[in-house]
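These notes concern the structure reproduced below.
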Amino acid sequence: MIRVAILGSTGSIGCSALEVIRRHPEQYDVTTLAANRNVDALAGQVSEFRPKKAVICDSSPKLPTANKATKWERGIESIVEAAADPDVDIVLNALVGAVGLRPTLTALEAGHRVALANKESLVAGGALVVAAAESGEGEVVPIDSEHSAILQCMQGSDDKDLQRITLTASGGPFRGYSKADLDKVKATEALQHPTWNMGAKITVDSATLANKALEVIEAHFLYGLDYDRIEAVVHPQSVIHSFVEFVDGSVLAQLGFPNMELPILYALSYPHRLDDALLRTYDPVRLSPLTFEDIDHEAFPMYALGVEAGRRSGCAPAVYNAGNEIAVEAFLEDRIRFPEMPEVVERTMDRIGIAAPRDLIDVISVDQEARKVSAEEVARCAQSIGKKS
Ligand SMILES: NC(=O)c1ccc[n+]([C@@H]2O[C@H](COP(=O)([O-])OP(=O)(O)OC[C@H]3O[C@@H](n4cnc5c(N)ncnc54)[C@H](OP(=O)(O)O)[C@@H]3O)[C@@H](O)[C@H]2O)c1
543 MIRVAILGST GSIGCSALEV IRRHPEQYDV TTLAANRNVD ALAGQVSEFR PKKAVICDSS
603 PKLPTANKAT KWERGIESIV EAAADPDVDI VLNALVGAVG LRPTLTALEA GHRVALANKE
663 SLVAGGALVV AAAESGEGEV VPIDSEHSAI LQCMQGSDDK DLQRITLTAS GGPFRGYSKA
723 DLDKVKATEA LQHPTWNMGA KITVDSATLA NKALEVIEAH FLYGLDYDRI EAVVHPQSVI
783 HSFVEFVDGS VLAQLGFPNM ELPILYALSY PHRLDDALLR TYDPVRLSPL TFEDIDHEAF
843 PMYALGVEAG RRSGCAPAVY NAGNEIAVEA FLEDRIRFPE MPEVVERTMD RIGIAAPRDL
903 IDVISVDQEA RKVSAEEVAR CAQSIGKKS
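Take the sequence shown: its position 73, counted from the start at 1, is 615 in this note's numbering, and no numbers get skipped.
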């Protein structure tokens with residue numbers, strides 16, 4: 543039995559992970575479930591999966607009383623502790639935001655596999671995550687479909703034979719919109735993703751294309767390629783998840799329905815594959831045609847800003863990530879307009895130094911500073927259009 547701790551179990555990835563595990567009870571045992579504040583959903587999962595431990599991060603909700611099987615705990619420290627639990631084999635990190643970085647590092651330091659959905663871990667603290675994975679027994683296996691595709695295409699090949707990676711982007715709900723059109727869009731429209739069903743933050747990131755920039759940075763740290771060799775292309779059908787080009791010019795791609803259960807299953811079973819009859823069979827005729835377009839940089843500046851943050855390196859990706867988290871929250875609360883999100887992030891990047899972080903404390907401190915500065919920038923946008931900040 544492989545013992546799995548699921549952090550962020552009540553979210554979109556967390557629920558898909560439990561669905562995968564539900565179909566493979568002979569392979570996987572859930573030892574920990576953790577969420578932010580959704581006690582009711584977590585309690586339902588606890589009664590089905592009977593983990594040793596259930597954690598709620600937020601301080602407000604009342605916790606259910608412990609039963610014989612499950613101990614209930616509260617707070618981020620309990621989540622970090624759960625990531626280090628020696629009685630765990632895989633920590634599936636499906637938290638959203640830079641809050642996921644500490645559990646990722648702790649799990650790696652404890653020698654665990656981190657099945658990583660929480661891309662913000664690698665964006666905010668990529669160098670630390672790579673160092674933690676390289677210095678011990680721990681490993682990162684990505685859940686993001688694009689990075690899972692790359693891992694699958696790389697099987698049997700040497701890293702040195704990798705020439706270039708092309709990540710695909712759906713283009714989000716506003717593909718084809720002009721800059722002027724985007725001025726009027728609302729959060730409810732941004733949350734209508736054409737091909738993927740995901741949590742609110744990543745859905746907005748997909749609409750601005752910040753998500754693709756976060757994934758470029760993630761690919762840089764996972765596969766050790768410089769930024770000149772990582773590209774992104776819009777592929778509205780979301781069927782090809784990435785292209786991998788080798789030094790001899792050969793290009794491999796991984797295809798599948800836009801459904802996160804396959805990359806989750808692969809991250810759990812890697813380097814093996816598990817039979818799963820419920821995952822839909824690929825049908826090339828029904829899924830044709832497959833089309834590709836360039837990114838519209840004028841309408842979606844968040845992509846180039848994020849890649850620029852990656853190239854600047856040091857703390858710049860952490861600043862970009864924190865600024866983006868604050869901007870997305872403000873947009874979802876209707877405090878800023880869609881085109882103001884990249885403006886907030888750009889001004890935050892301009893205002894904060896980017897010296898390379900020496901350790902987690904440096905990353906946390908720059909993350910906090912960037913959140914403060916971007917909140918000021920949000921307030922400035924809100925004032926300029928006469929809204930409440
Ligand atoms: N969804 C996808 O298809 C997809 C695909 C690729 C990558 N990802 C990445 O996977 C991660 C999760 O995405 P998602 O779409 O599953 O997000 P989501 O639906 O918003 O779920 C987030 C989960 O994290 C918990 N959480 C949020 N803030 C927390 C905090 N401060 N402390 C502890 N727990 C917290 C939430 O608990 P509550 O329910 O209590 O709020 C929930 O369980 C993100 O990094 C995203 O970029 C997602």
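Cβ coordinates follow ideal geometry from the N, Cα and C atoms, glycine included.
{"query": "Assigned secondary structure, Leu605 (DSSP; H/G/I helix, E/B strand, else coil)", "result": "coil"}
{"query": "CA nearest to the CA of His735, picked from Asp725, Leu724, Arg717", "result": "Arg717"}
{"query": "Same chain only: Cβ atoms within 6 Å of Met883, ignoring 5 sequence neighbours per side", "result": "Thr750, Ala869, Phe873"}
{"query": "Beta strand (DSSP E) runs contained entirely in the region 636-717, provided each spans 3 or more residues", "result": "655-658, 681-684, 704-711"}
{"query": "Terminal residues of the beta strand (DSSP E) in which Lys594 lies", "result": "Careful: Lys594 lies outside any beta strand (DSSP E) and carries neither H nor E."}
{"query": "C-beta contact flag for Gln796 and Leu832 at 7 Å", "result": "no"}
{"query": "Stretch-stretch touch, CB-based, cutoff 8 Å, three pairs: the region 849-869 with the region 903-917", "result": "yes"}
{"query": "Inter-stretch contact at 8 Å, needing at least 3 Cβ pairs: the region 715-729 / the region 817-827", "result": "no"}
{"query": "Check: Leu670 C-beta below 6 Å from any heavy atom of ligand 1", "result": "no"}
{"query": "Rounded straight-line distance, which links the Cα of Lys661 to that of Gly852", "result": "14 Å"}
{"query": "Near ligand 1: Ser720 beta-carbon under 6 Å from a heavy atom", "result": "no"}
{"query": "Status (buried if at least 16 other CB within 10 Å, exposed otherwise) for Lys604", "result": "exposed"}
{"query": "Under the three-state DSSP convention, the category Val630 falls into", "result": "coil"}
{"query": "Whole-angstrom C-beta distance between Gly680 and Leu650, which should lie under 8 Å", "result": "3 Å"}
{"query": "Proximity to Ala917 [Cα-Cα], best of Asp901, Ala898, Arg889", "result": "Arg889"}
{"query": "Residue range of the unbroken alpha helix (DSSP H) whose run includes Ser926", "result": "902-926"}
{"query": "Pick from Thr745, Lys610, Gly668, Asp836 that is closest to Ile555, judged by C-alpha positions", "result": "Thr745"}
{"query": "Any non-hydrogen atom of ligand 1 closer than 6 Å to Val641 Cβ", "result": "yes"}
{"query": "Delimiting residues of the alpha helix (DSSP H) encompassing Thr823", "result": "Counting along the chain, Thr823 falls outside any alpha helix (DSSP H), and DSSP gives it neither H nor E."}
{"query": "Distance, Ile598 Cα to Gly791 Cα", "result": "49 Å"}
{"query": "Assumed close pair Gly667, Leu637 - CB separation to whole angstroms, cut-off 8 Å", "result": "Between Leu637 and Gly667 the Cβ distance is about 13 Å, and since that is not below 8 Å, they are no contact."}
{"query": "Proximity to Pro800 [Cα-Cα], best of Val546, Leu549, Ser558, Ile548", "result": "Ser558"}
{"query": "Spatial neighbours of Val671 in its chain, beta-carbon cut-off 8 Å, leaving aside the 5 residues before and after", "result": "Leu643, Thr646, Leu647, Leu650, Ser663, Leu664, Val682, Phe763"}
{"query": "Any non-hydrogen atom of ligand 1 within 6 Å of Ser712 CB", "result": "no"}
{"query": "Buried or exposed by the 16-neighbour rule on C-beta atoms within 10 Å, applied to Lys930", "result": "Low local confidence applies: a pLDDT of 47 at Lys930 is under 50, so the model's placement there is unreliable, with the coordinate-based value given in what follows. Exposed is the call here."}
{"query": "Where the beta strand (DSSP E) containing Tyr570 begins and where it ends", "result": "570-577"}
{"query": "Helix, strand or coil at Ala583 according to DSSP, with G and I counted as helix", "result": "helix"}
{"query": "At least three beta-carbon pairs within less than 8 Å, the region 567-579 to the region 547-554", "result": "yes"}
{"query": "Phe834 in three-state terms, based on DSSP", "result": "coil"}
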